[in-house]
Amino acid sequence: MIHIFTALACEAMPLVKHFKLKEQNQYDLFRIFLSADNHVSLVITGVGKSLAAAAVSYHHACCNTSPADVWLNIGIAGHADLPLGEACLVNKITDAASGATWYPQVLFDAPCPVLPLRTLDTPSEDYQPILYDMEAAGFYALASRLGTSELIHCLKIVSDNAQSHSGNVKAKLVKGYIESQLATMDRIVSVLHGFSHELENTLALPPAYEEIITRWHFTRTQKIQLRECLRRWQSLQDEVEALQYIQAADSARSVLRLLGDALSSVPFTLNSRSTVQQ
Amino acid sequence: MIDTIYMETAVADHPRSRNILQRYPHAHVIECSNYTEVFNRKAQNFRLQKKKPALILAQKHHGHVLPTPARYGIGARQNYYFSHMLNCLYDCRYCFLQGMFQSAHYVLFVNYEDFIEELARLAQQHANETVHFFSGYDCDSLALDPLTGFIEQFMPFFEQHSNCLLELRTKSTQIRSLLERHPITNCVIAFSFTPEAISKALEHKVPSIEKRLQAMLALQQAGWLVGLRFDPLIYTNEYQRAYTQLFHELFSRLDCSRIHSVSLGSFRLPRDYFRKLQKLYPDERLLASPLADEDKQIGYPAAIRNNMLDFAAEQIQQYIEPDRFFPCHEMI
Numbered sequence: 001m002i003h004i005f006t007a008l009a010c011e012a013m014p015l016v017k018h019f020k021l022k023e024q025n026q027y028d029l030f031r032i033f034l035s036a037d038n039h040v041s042l043v044i045t046g047v048g049k050s051l052a053a054a055a056v057s058y059h060h061a062c063c064n065t066s067p068a069d070v071w072l073n074i075g076i077a078g079h080a081d082l083p084l085g086e087a088c089l090v091n092k093i094t095d096a097a098s099g100a101t102w103y104p105q106v107l108f109d110a111p112c113p114v115l116p117l118r119t120l121d122t123p124s125e126d127y128q129p130i131l132y133d134m135e136a137a138g139f140y141a142l143a144s145r146l147g148t149s150e151l152i153h154c155l156k157i158v159s160d161n162a163q164s165h166s167g168n169v170k171a172k173l174v175k176g177y178i179e180s181q182l183a184t185m186d187r188i189v190s191v192l193h194g195f196s197h198e199l200e201n202t203l204a205l206p207p208a209y210e211e212i213i214t215r216w217h218f219t220r221t222q223k224i225q226l227r228e229c230l231r232r233w234q235s236l237q238d239e240v241e242a243l244q245y246i247q248a249a250d251s252a253r254s255v256l257r258l259l260g261d262a263l264s265s266v267p268f269t270l271n272s273r274s275t276v277q278q
Numbered sequence: 279m280i281d282t283i284y285m286e287t288a289v290a291d292h293p294r295s296r297n298i299l300q301r302y303p304h305a306h307v308i309e310c311s312n313y314t315e316v317f318n319r320k321a322q323n324f325r326l327q328k329k330k331p332a333l334i335l336a337q338k339h340h341g342h343v344l345p346t347p348a349r350y351g352i353g354a355r356q357n358y359y360f361s362h363m364l365n366c367l368y369d370c371r372y373c374f375l376q377g378m379f380q381s382a383h384y385v386l387f388v389n390y391e392d393f394i395e396e397l398a399r400l401a402q403q404h405a406n407e408t409v410h411f412f413s414g415y416d417c418d419s420l421a422l423d424p425l426t427g428f429i430e431q432f433m434p435f436f437e438q439h440s441n442c443l444l445e446l447r448t449k450s451t452q453i454r455s456l457l458e459r460h461p462i463t464n465c466v467i468a469f470s471f472t473p474e475a476i477s478k479a480l481e482h483k484v485p486s487i488e489k490r491l492q493a494m495l496a497l498q499q500a501g502w503l504v505g506l507r508f509d510p511l512i513y514t515n516e517y518q519r520a521y522t523q524l525f526h527e528l529f530s531r532l533d534c535s536r537i538h539s540v541s542l543g544s545f546r547l548p549r550d551y552f553r554k555l556q557k558l559y560p561d562e563r564l565l566a567s568p569l570a571d572e573d574k575q576i577g578y579p580a581a582i583r584n585n586m587l588d589f590a591a592e593q594i595q596q597y598i599e600p601d602r603f604f605p606c607h608e609m610i
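Going down the list, the sequences are from chains A and B. For the first sequence, the residue numbers in the numbering used here are 1 to 278. For the second sequence, the residue numbers in the numbering used here are 279 to 610.
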């Protein structure tokens, strides 16, 4: 699942339209939008790192997130000399107030410049050749407690620079900047989605696990043993249904014994799947 | 190859850092106060990072050279190891580094001079006996040598200290810097092997057996001593045939009189590392091998382990005298 966080409604609306999101009216603390397939969500956090952190936390509580999910903070930022409308990924976030740092791991060929960013508590017009925003540190501090830093990123679009100060930034302009970078976002989302899928697979319970614990009563320890057994089963002979070997079982204990016996009969190789002797 | 370089501010002006940065003019260079801000932080995934590891340039402040675990060695009483790098170019599925570190980035400690000072102190401390120093415990000694200049910088110390022996542990064929030097008798370039089919299944990005063998032959021809490391031995139902073939291939082509040492050990991991590997690679067949949990270590059950070690020992000693053979039963 992909969770997008923007500070402003004008940053959010082009994304809501692009990802065909619908507002979820049951949440009253922050505005939350969701795609019909529940694969993309968006939260409007409001301005500032505290609100960004609170929104991540609230969203996690409301939407049941997974450690394999993608977390994106998308919004505008200042920079000394990058052209307005330029999209940038972030490779280092510094909270200007506390000095705390985070390092988003960009493990792909970025379709845009990749730069360090400082999160400020108040707007500033002392432009330097790094990005400035007001949310990333709050967003990242919380998101990195819920996900993994390879899948948590900030995509910032330059809205002001030394030639055009933040006072000139208007909602309509911001909406246009975001719209003009939708293709860049799609490319980033696509690659992160692939990583997320890979991670999701490593977290998935082995096939048949749920069905087996429903049919027989397993203690907590036996559930751990069953997971381990089914994981080995999946590695060694995933074409074969574990269930067909345990039809005669009358207890969790006999399920584990039958599966264990079947696995012991497999000649162990590293290169090809084998099948158990029935 | 390297797109991102993290660099501790303290080593920004170190000549080795500057030299490396010059090699990668297009890399993103990100400064940090301490490499641990980036490396081994929580909320990192080794498997994902292995897709595109970054380089981290750092300084090692203490523990430059450490005693090896007991009974780990190739014949000396005094044994130490040191790691100028953490992590490896290769991606071997049995490797303990995956369990030990959260990050797959390569950490290079650029303050070689501090390592060498510590080596010199230990050489002096044990002036009247042989001291063995093992490199390649937390990294491959040679795989990134063109980048690190490790051989060029460390070898002069061993050229000047004949009571100290250096083991370079590697699966790499990066031997040019060795071939450009005069060989010394107190350096062993120890290559690790598993049979071809096992290597293909588990040792991702590692040069083929033939290429490694060619590198060993070139080193022997140039006068260097080489070593063979069959650690870990990997169990499959056909291990006897596979290892017999591997031993024959290696020992029949190498000059056995110029093999310094052969060592052996079966696959084993600390329990915590093994559990972490299972989480990273739940479908990995190696981790579904017949394994037992003994004394917080996961390894083959005693029956399999002893059969494999006995079998391999018997085979190896057909080619090598017992005084050059070092079976290692020590856990990591």
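Note that the Cβ used here is the ideal one computed from N, Cα and C, for glycine as well. Only a predicted model underlies this, so the values are computations on that prediction, with no experimental measurement involved.
Within chain B, no C-beta atom comes nearer than 9 Å to that of A/N73; the closest sits roughly 15 Å away. Its Cα nearest to that of A/D69, the residue A/S144 stands out among A/E179, A/S144, A/L120 and A/L182. Not a single CB atom of chain B sits nearer than 8 Å to the CB of A/F139.
Under the rule that a run must span 4 or more residues, the alpha helix (DSSP H) segments found entirely inside the region 188 to 257 of chain A read 209 to 215 and 220 to 237. Under the three-state reduction of DSSP, B/G377 is assigned to helix.
For the region 311 to 332 of chain B, the beta-carbon criterion of a distance under 7 Å to any beta-carbon of chain A is satisfied by E315, V316, A321, Q322, N323, L326, Q327, K329 and K330. Chain-ordered, the chain A residues with CB closer than 7 Å to the CB of B/R563 read S235, L236 and L270.
The C-alpha of B/A468 lies about 9 Å from the C-alpha of B/M494. DSSP places A/A87 in the strand class (E or B) of the three-state scheme. Taking 8 Å as the CB threshold, B/Y513 lines the interface with chain A.
Counting only unbroken stretches of 3 or more residues, the beta strand (DSSP E) elements lying wholly within the region 283 to 359 of chain B are 306 to 310, 333 to 336 and 343 to 345, in sequence order. Identification of chain B residues near A/G147 by a Cβ-Cβ cut-off of 8 Å yields A321, ordered along the chain. A/I93 is positioned such that its CB atom lies no closer than 8 Å to that of A/T122. Judged by DSSP in its simplified three-state form, A/N64 adopts coil rather than helix or strand. Listed in chain order, the non-local C-beta contacts of B/V504 below 8 Å within the same chain comprise V466, I467, A468, F469, M494, L497, Q498, L532, R536, I537 and H538, local neighbours out to five positions each way being set aside. For B/K320, same chain residues with a beta-carbon under 8 Å away, outside a window of 5 residues either side, are Q380 in chain order.
No Cβ of chain B is located within less than 8 Å of the beta carbon of A/F5. By the neighbour-count criterion, in which 16 or more other beta carbons inside 10 Å mark a residue as buried, A/A262 falls on the buried side. Counting other Cβ atoms within 10 Å of its Cβ, A/L203 stays below 16 and is therefore classed as exposed.
CA-CA distance, A/I212 to A/C112, rounds to 48 Å.
Here B/K449 carries a coil assignment [DSSP, helix/strand/coil].
For B/N441, the closest C-alpha among the options B/R399, B/H460, B/Q431 and B/Y513 is that of B/R399. Taking 8 Å as the cut-off, the Cβ atoms of A/Y140 and A/G78 do not count as close. Residue state for A/V70 is assigned as strand, using DSSP reduced to three classes. Taking 8 Å as the upper bound on Cβ-Cβ separation, chain B lies near residues N91, K92, T101, Y103, Q105 and V106 of the region 72 to 106 of chain A. At a Cβ-Cβ threshold of 8 Å, B/Q322 and A/T214 do not count as neighbours. Residues of chain A with a Cβ closer than 7 Å to the Cβ of B/A305 do not exist, since the nearest Cβ in that chain sits about 11 Å away.
Pairing B/R349 with A/A110, the inter-Cα distance amounts to about 48 Å. In this structure, the straight-line span from the alpha carbon of B/Y390 to that of B/Q337 is close to 9 Å.
Separation of B/I462 and B/G414 (C-alpha to C-alpha, rounded to the nearest whole angstrom) is 19 Å. Less than 8 Å divides the Cβ of A/A80 from the Cβ of A/Q128. Rounded to the nearest angstrom, the gap between the Cα atoms of B/L547 and B/R301 is 37 Å. Within the region 423 to 468 of chain B, the complete beta strand (DSSP E) segments at least 3 residues long are 442 to 448, listed from N- to C-terminus. For A/L173, no beta strand (DSSP E) encloses it; the enclosing alpha helix (DSSP H) starts and ends at A171 to S180. Within the region 382 to 417 of chain B, the complete beta strand (DSSP E) runs of at least 3 residues fall at 384 to 387 and 409 to 413. Annotation for A/G138: the continuous alpha helix (DSSP H) segment containing it runs A136 to L146.
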